[in-house]
Each structure stands twice: as C-alpha cells, then as structure tokens.
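> So the numbering used here is basically just the index in the sequence shown, starting at one, shifted up by 1.
Using N, Cα and C, we set each Cβ at its ideal position, and we do this for glycine too.
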Amino acid sequence: MPGKAYAGTEPDGFVHHSEVLRFVVDYAAEIEAPMRTGVEVTGLSRDERSAAYHLETAHGPIRARNVVIATGPFQHPIVPGYSHAVPASICQVDATCYRNPQQLPPGAVLVVGSGNSGCQIADELLRSGRQVFLAVSRHSRVPRRYRGQDLIWWYEKLGRFDVTIDSFPNRRHPPSVILTGMDGGYDL
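(1) If you draw a straight line from the alpha carbon of residue 63 to that of residue 32, how long is it in whole angstroms?
(2) Could you give the first and the last residue of the continuous beta strand (DSSP E) run that contains residue 24?
(3) List in chain order: all unbroken beta strand (DSSP E) runs of 3+ residues lying wholly within the stretch 51-136.
(4) Kindly indicate which three-state DSSP category residue 161 falls into: helix, strand or coil?
(5) State the Cα-Cα distance for the pair residue 217 and residue 155, rounded to the nearest angstrom.
(6) In angstroms with no decimal places, state the Cα-to-Cα distance between residue 133 and residue 125.
(7) Using DSSP with H/G/I as helix, E/B as strand and the rest coil, what is residue 168?
(8) Take every Cβ of the stretch 47-63, pair it with every Cβ of the stretch 83-103, and state whether three or more of those distances are shorter than 8 Å.
(9) Do you know whose CA, among 70, 157, 146, lies nearest residue 41's CA?
(10) DSSP three-state call for residue 7: helix, strand or coil?
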C-alpha cells in the first residue's frame, strides 16, 4: 500500500486471509479512507462529464471518484449446456460446491478447468491418493518465483501493475500464476 510496507515475517509468503484483511483495515483507518464493507451493489455507472461513479446499493446511492471491485474474476461457474445429458450415476460438482476429496465417490476424477481453482482441486485430489485427469485449455503460465524473487516483486519493479489488459498482445489469455498456499505455497 502507498506509504505502508508489509511488516510481517514473510513478505513473499502466503499469509492467512485474516492477516491480509487486518492489514487492509488498519491501512484504511490510518489514511481515513471511507471504506464500506458488506454493502450489496446492484448497479454501477459512470458520469463521463464528472468522471464520477454512481453506485446503486441496498443502502442507497453512493457517488465515488474511484471504485475497487474485489470479487475475484470468476465467481460463477461456467457449466456447459450438455452437462444435463451426463448420466446421473456420474457425480458432477462445480468448484463453488467442492469442499474436499471425501465428498466425491471413490475412483478416478476428471477435473475440467486449469485455472487456480481447477489446479488446486486436482492437486488436493492427487495428494489424497486419487487418480486425477486434468482437462486444460489454452493459457500461459508464469512461475511464482524467478531468480530468487517473488513474481509480485518483479511485477512491481517492471511496472506490470500499471499496464492495462488492452495492452496485452493476447488479452483473452493473459499469463496467469497457478499456485497454492498449501504447505507454505508452491507453483502447481
């Protein structure tokens, strides 16, 4: 955060979400940011003349110069239309409903999707002793660490956080980091 470096014991480690939350809440309090949490936003538009955003919320309208949308990229599973044709004897579970290997019937597992969720689920199933098949699509991967530094360090030094998606040569499939926070964190 601007003016506040992370002061924990592992700056390149995988900290628990409660520690990240505490860091953000403390920072917001220090700079007196008008942060609101737990507010459902039902609409968002931008007034081009004033460059302000207008938010419709369950608690009334809000006007803001900046809006941070921090829900993650894929909060709703994409289930192919033909999934209803799969026999009922074959268990189908999307990533939002998956909890652990024990909830699945015994046997091999096909995981469709090679993003973070799919790879993390495949890794967990493999570690539990299951035979796992991972169906992948086209995408580029980058390692979490390079030449002794965390990828985030490199992104910051190279100005990667200042680049827009439109400037990527292949913006439909920008490079992604596929990793897990298990056992201290590692690339998948």
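Working from what's here:
(1) Spanning the two alpha carbons is a distance of roughly 20 Å.
(2) Careful: residue 24 lies outside any beta strand (DSSP E), inside the alpha helix (DSSP H) at 18-31.
(3) Within the stretch 51-136, the runs of beta strand (DSSP E) at least 3 residues long that lie entirely inside it are, in chain order, 53-58, 63-65, 110-113, 133-136.
(4) It is helical.
(5) The question about residue 217 has no answer here: the residues shown for the chain are numbered 2 through 189.
(6) Each residue's CA atom was taken as its position, placing residue 133 and residue 125 some 10 Å apart.
(7) Three-state result, residue 168: helix.
(8) Taking a cut-off of 8 Å for Cβ pairs, the stretch 47-63 and the stretch 83-103 do not touch, as fewer than three such pairs fall below it.
(9) Among 70, 157, 146, the Cα nearest to that of residue 41 belongs to 70.
(10) Secondary structure of residue 7 (DSSP, three-state): coil.
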